[in-house]
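Residue numbers (our numbering): 4 to 331. Where a beta carbon is used, it is the ideal one built from N, C-alpha and C, also for glycine.
Here it is as structure tokens:
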């Protein structure tokens, strides 16, 4: 498809979704997209890439009868980066000016698209815009309505609040919008996800780390562009959360090591890793001691303090994993 459009054709805002073996969740995600208000200044088209040898989601698309054109593709190389890069390639080939993205296990609010449409005008200097992903727990989806279960070992949280236009606290691809200046290979940086992170994840952390530190890219927060994700079952357990935190920390350390030139020197990169590791050690022991002190009088509080301690202890092994992953 040509990347140049006639003057009377609206610019393209593409919406990209990556999916693999999660048909029910994808169905829910697409229903939420079907119910969103579409922008006036852009035409919208949907890109869905299934990380598989062949497509198995055509029936879902046909059943929903979506209100926007849909482009399907199968990406046979299994991995987070490979499937995300296929979405970027397709958006680039289609001549998209903006690419919106959301994970297949999320649902978006009714004004999700138009919130990004407005932000694209109000935040002209932002190369990337991101919105919050509110977590829906078994007993409520907002902080004021969350009822902590008696056996819960870790504090249930929501995304940290940020003002419109502020840098996102943790840049990620759960809920985002990229300008073509980031992903276009003809008129932009042509930035792609590092395939060394295909199996370990945190490819989005590496992507935004490079964009900010190597190219001076700017990121802005759009609080009205809300998405929702269920935090149920094993995803709401201490084991899952602590292991994920440790994996993310190790991935970040490996990013710092792999791109040490953006940190000026290797000693500077190692210093950052050392300081972060020491912080984890301090908070691990701090929360462990606090848990012991509250164990008799406030057992539920002690449980959550102990869970926080476990998360920090798990992160202490991130250095070893980071040096191992660096060899990938």
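| Check | Outcome |
| --- | --- |
| Extent of the continuous alpha helix (DSSP H) to which residue 333 belongs | The chain is shown only over 4 to 331; residue 333 falls outside these bounds and no answer can be derived. |
| Residue 97: first and last residue of the uninterrupted beta strand (DSSP E) it sits in | Here residue 97 belongs to no beta strand (DSSP E); instead the alpha helix (DSSP H) covers 83-97. |
| DSSP beta-bridge partners of residue 201 | DSSP, once it has assigned bridges, lists no residue as partnering residue 201. |
| Neighbourhood of residue 204 by C-beta, 8 Å cutoff - its chain only, sequence neighbours within 5 removed | 83, 250, 251, 254 |
| Beta-carbon proximity check, residue 77 vs residue 58, cutoff 8 Å | yes |
| Residue nearest to residue 19 in terms of C-alpha spacing, selected from 92, 70, 242 | 92 |
| Contacts around residue 112, its chain only, beta-carbon distance under 6 Å, and the 5 residues preceding and following it disregarded | 229 |
| Inter-residue spacing [alpha-carbon to alpha-carbon] between residue 126 and residue 86 | 28 Å |
| Three-state secondary structure assigned by DSSP to residue 179 | strand |
| CB of residue 75 within 8 Å of CB of residue 96, strictly | no |
| Own chain residues within Cβ distance below 7 Å of residue 234, not counting five before or after | 138, 139, 140 |
| Integer-rounded CB distance, given that residue 197 should sit under 8 Å from residue 180 | Not really, about 21 Å apart at Cβ, beyond 8 Å. |
| Continuous beta strand (DSSP E) stretch holding residue 52: start and end | 46-53 |
| Nonlocal neighbours in the same chain, by C-beta distance under 8 Å from residue 100, ignoring five residues either side | 14, 15, 16, 45, 182, 183 |
| Cutoff 6 Å; reference residue 168; Cβ partners in own chain excluding five residues on either side | 126, 223 |
| Beta-carbon contacts of residue 322 that lie in its chain and below 7 Å, excluding the five residues immediately before and after | 256, 276, 280 |
| Residue 47 versus residue 240 - alpha carbon distance | 38 Å |
| Residue closest to residue 116, alpha-carbon to alpha-carbon, out of 38, 161, 324, 271 | 38 |
| As assigned by DSSP and simplified to three states, the class of residue 115 | helix |
| Status (buried if at least 16 other CB within 10 Å, exposed otherwise) for residue 288 | exposed |
| Bounding residues of the alpha helix (DSSP H) (the contiguous stretch that carries residue 105) | Unbroken run through residue 105 is the beta strand (DSSP E), 101-105; no alpha helix (DSSP H). |
| Backbone CA spacing between residue 68 and residue 130 [nearest angstrom] | 32 Å |
| Beta-carbon contacts of residue 72 that lie in its chain and below 6 Å, excluding the five residues immediately before and after | 48 |
| Buried or exposed by the 16-neighbour rule on C-beta atoms within 10 Å, applied to residue 246 | exposed |
| Simplified DSSP state of residue 311, which is helix, strand or coil | helix |
| Local Cβ density within 10 Å of residue 271, reported as buried at 16 or more and exposed below that | exposed |
| Whole-Å CB distance - residue 103 paired with residue 119, under 8 Å assumed | 6 Å |
| Local conformation of residue 208 per DSSP, three classes | helix |
| Alpha carbon of residue 165 to alpha carbon of residue 278, nearest angstrom | 26 Å |
| Neighbourhood of residue 294 by C-beta, 7 Å cutoff - its chain only, sequence neighbours within 5 removed | 305, 308, 309, 312 |
| Burial state of residue 237, where buried means 16 or more other Cβ atoms lie within 10 Å | exposed |
| Simplified DSSP state of residue 195, which is helix, strand or coil | coil |
| Where residue 236 falls: helix, strand or coil (DSSP) | helix |
| Start-to-end residues for the alpha helix (DSSP H) that takes in residue 26 | 26-37 |
| With 16 other Cβ atoms within 10 Å as the buried cut-off, status of residue 153 | Residue placement at residue 153 is flagged as unreliable, the pLDDT there being 45, under the threshold of 50; a coordinate-derived value is accordingly withheld. |
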